[in-house]
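Below: one structure, written as structure tokens.
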Amino acid sequence: NAGVTQTPKFQVLKTGQSMTLQCAQDMNHNSMYWYRQDPGMGLRLIYYSASEGTTDKGEVPNGYNVSRLNKREFSLRLESAAPSQTSVYFCASSEGRSNEKLFFGSGTQLSVL
Amino acid sequence: RKEVEQDPGPFNVPEGATVAFNCTYSNSASQSFFWYRQDCRKEPKLLMSVYSSGNEDGRFTAQLNRASQYISLLIRDSKLSDSATYLCVVTPSGGSYIPTFGRGTSLIVHP
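Residue numbers (the working numbering), protein chains in the order written: chain A, 7 to 119; chain B, -2 to 108.
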């Protein structure tokens, strides 16, 4: 019954530190996504993975890397955090067909000081 | 021009009111349309899909106008619990089916 599990829920970093956000889904979904949400900006796609073994850039990929470790897991890495990366991050998954809904993780509130 | 546009609001309405939101999209090849609801600091959750013929789910009615490239969400008999942000989502046909989100419309229902 877990759906999409995202960790951590909260994180505070200093400028220049690195970290990895973890995401796992147990619905056997093909596609996985990382979004960031800033006030007034809506959800913006950072990276996505249409299937295991593939990843592609979204609208705002700069400063991030991703790994689709297997079908279940899709991680997001910040190599050198910047204050501009302060945001709420959401992982999501779907079957990958156009009429399939997205399932979201509960989000990560990240602050970079 | 942003691919999916919404009036950010807020729409401030009394309980029992009827309220409607519109969402316009720029890609005429868009195939699938959805409304998501997002409560403060929580993840978005699917409210309803939007079908070509229009569809209803209780107090909620969604409609699609392909000619004018917009979708709408009508909420009747508003409840306090309807207070949230409503996100319009559009998915293109073919390719990798990447959904695009609007910035959301904030609804506040007051007693």
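For each residue, glycine too, the CB sits at the ideal point set by N, CA and C.
**Prompt:** Cβ of Ser40 (chain B) less than 8 Å from any chain A Cβ?
**Reply:** Here residue 40 (chain B) corresponds to residue number 43 of the second sequence, with the count starting at 1. The question names Ser, but residue 40 (chain B) is Glu in the sequence shown. So yes, Glu40 (chain B) belongs to the interface.
**Message:** Give me, in chain order, the residues of the same chain whose beta-carbon lies closer than 7 Å to that of Ser109 (chain B); leave out the 5 immediate sequence neighbours on both sides.
**Reply:** Any property of residue 109 (chain B) remains undetermined from this structure, which presents chain B solely from -2 to 108.
**Item:** Amino acids of chain A, ordered along the chain, whose beta-carbon sits closer than 7 Å to that of Phe8 (chain B)
**Value:** If you number the second sequence from 1, residue 8 (chain B) lands on position 11. Correct list: empty, because the minimum Cβ distance to chain A is about 16 Å.
**Request:** Can you grab the Cα-Cα spacing for the pair Ser80 (chain B) / Ser90 (chain A), in whole Å?
**Result:** As a first step, residue 80 (chain B) is located in the second sequence; it is residue number 83 there, counting from the start. As a first step, residue 90 (chain A) is located in the first sequence; it is residue number 84 there, counting from the start. Just so you know, the alpha carbons of Ser80 (chain B) and Ser90 (chain A) end up roughly 29 Å apart.
**Item:** Any 3 or more C-beta pairs closer than 8 Å across the segment 50 to 58 of chain B and the segment -2 to 13 of chain B
**Value:** Because the criterion of three Cβ pairs below 8 Å is not met, the segment 50 to 58 of chain B and the segment -2 to 13 of chain B do not touch.
**Identity of the residue in B:Ser23, B:Asp36 and B:Glu40 nearest Leu104 (chain B) by Cα** = The residue labelled residue 104 (chain B) in the question sits at position 107 within the second sequence. Out of B:Ser23, B:Asp36 and B:Glu40, the CA that lies nearest to the CA of Leu104 (chain B) is found in B:Asp36.
**Request:** Ignore the nearest five residues each way along the sequence and tell me which others in Val10 (chain A)'s own chain have a CB closer than 7 Å to its CB.
**Result:** Within the first sequence, residue 10 (chain A) is the residue found at index 4, counting from 1. Excluding residues within five positions, the ones whose Cβ falls inside 7 Å are Cys29, Gln31, Cys97, Ala98, Ser99, Phe109, Phe110 and Gly111.
**Expected contact under 8 Å - CB spacing of Gln17 (chain A) and Leu116 (chain A) to nearest Å** = Taking the first residue of the first sequence as 1, we reach residue 17 (chain A) at position 11. Taking the first residue of the first sequence as 1, we reach residue 116 (chain A) at position 110. Confirmed, about 5 Å.
**Message:** With a threshold of 8 Å between beta carbons, is Phe80 (chain A) in contact with chain E?
**Reply:** Of the chains in the structure shown, none is chain E; the protein chains are A and B.
**Request:** From the DSSP output, read off the bridge partner residues of Val66 (chain A).
**Result:** Start at 1 with the first residue of the first sequence, and residue 66 (chain A) comes out as number 60. For Val66 (chain A), no pairing in a beta bridge is given by DSSP.
**Prompt:** How would you write the range of the beta strand (DSSP E) that Ser27 (chain B) sits in, first residue to last?
**Reply:** Translated into the one-based positions of the second sequence, residue 27 (chain B) becomes position 30. Counting along the chain, the beta strand (DSSP E) containing Ser27 (chain B) begins and ends at Ser27 to Gln35.
**Item:** Secondary structure, beta strand (DSSP E): runs of 3+ residues fully inside the segment 31 to 79 of chain B
**Value:** Segments of the beta strand (DSSP E) lying fully in the segment 31 to 79 of chain B: 42 to 47, 52 to 54, 57 to 62 and 67 to 72.
**Request:** In angstroms with no decimal places, state the Cα-to-Cα distance between Pro96 (chain B) and Val86 (chain B).
**Result:** The residue labelled residue 96 (chain B) in the question sits at position 99 within the second sequence. The residue labelled residue 86 (chain B) in the question sits at position 89 within the second sequence. Distance from the CA of Pro96 (chain B) to the CA of Val86 (chain B), rounded to the nearest whole angstrom, comes to 6 Å.
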